[in-house]
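Structure record follows, encoded as structure tokens.
Residue numbers (the UniProt record's numbering): 1 to 200.
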């Protein structure tokens with residue numbers, strides 16, 4: 001391997017370590033509480049590389065969120081076997097993405113939270129577009145947007161708050177929890193099918 005090849009490999013390795021560390025920290029502490037030094041320390045690289053490779057903290061956070069949203073889109077496609085409609089309650093199994101988005105919204109970092117829209121991999125937007133096509137609409141009307149918003153809120157709320165929901169509703173034991181999950185999955189599936197397949 002030549003010196004140039006070793007240098008390129010070293011750069012790629014360092015970039016990926018920084019992206020991975022930033023992606024983890026987005027979900028743990030949110031973008032505002034993150035520092036360049038903290039990210040570099042977790043990645044095990046010199047903090048000067050953040051500016052050198054990404055132009056600063058914002059560029060690194062954007063790269064990290066892009067990785068998270070692309071991985072999330074791949075995960076959803078795999079779970080739904082290619083269907084544009086995600087499997088109900090599957091978001092609970094992708095906590096890295098969920099927490100990064102939620103913490104970005106809570107930190108009022110909407111540009112970061114909306115990365116999936118610019119990257120063209122937004123799962124909710126893809127599902128909405130599918131419904132528009134299925135219902136022969138030029139664009140989504142307010143009712144369709146409201147219904148998909150409710151479905152999205154249910155999915156994200158469940159994924160973030162399931163333990164609290166179970167505690168509040170006195171759902172106890174794994175058997176009862178799975179029965180409630182199955183019931184909620186079915187309701188969510190029927191709700192999504194209704195707004196996707198028919199115009200009311």
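By construction, the Cβ of each residue, glycine as well, lies at the ideal position given by its N, Cα and C atoms.
query                                                                                                                                                                             : result
Should residue 200 be labelled buried (16 or more other beta-carbon atoms within 10 Å of its own) or exposed?                                                                     : With a pLDDT of only 46 at residue 200, under the threshold of 50, the placement of this residue in the model should not be trusted, and no figure is reported.
Our contact map puts residue 122 next to residue 112 with C-beta atoms below 8 angstroms; I'd like the distance itself, whole angstroms only.                                     : That pair is no contact at about 14 angstroms.
Does residue 163 come out as helix, strand or coil in the three-state DSSP assignment?                                                                                            : helix
Report the rounded CA-to-CA distance for residue 107 versus residue 73, giving the unit in angstroms.                                                                             : 23 angstroms
Using the Cβ count rule (16 or more neighbours within 10 Å means buried), how would you classify residue 164?                                                                     : exposed
Put residue 176 into one of helix, strand or coil per three-state DSSP.                                                                                                           : helix
For residue 188 versus residue 151, is the C-beta spacing smaller than 8 angstroms?                                                                                               : yes
So, with DSSP's three-state summary, where would you put residue 187?                                                                                                             : helix
Measuring CA to CA, which of 54, 67, 36 is closest to residue 20?                                                                                                                 : 67
Is the CB-CB distance between residue 91 and residue 159 below 8 angstroms?                                                                                                       : yes
So residue 37 packs on residue 47, CB below 8 angstroms; how close in whole Å?                                                                                                    : 5 angstroms
Which residues in the same chain as residue 64 place their Cβ atom closer than 7 angstroms to its Cβ, once the five residues preceding and following it in sequence are excluded? : 19, 22, 23, 26
By alpha-carbon positions, which one of 49, 195, 28 ends up nearest to residue 137?                                                                                               : 195
Can you tell me the Cα-Cα spacing of residue 44 and residue 114, whole angstroms?                                                                                                 : 29 angstroms
Please state whether the Cβ-Cβ distance between residue 87 and residue 79 is less than 8 angstroms.                                                                               : yes
Pick helix, strand or coil for residue 194, following the three-state DSSP scheme.                                                                                                : helix
List the endpoints of the continuous alpha helix (DSSP H) containing residue 98.                                                                                                  : 95-106
At the level of alpha carbons, what is the spacing between residue 93 and residue 135?                                                                                            : 30 angstroms
What residues in its chain sit with their C-beta under 8 angstroms from that of residue 14, if we drop five residues either side in the sequence?                                 : 43, 45, 49, 53
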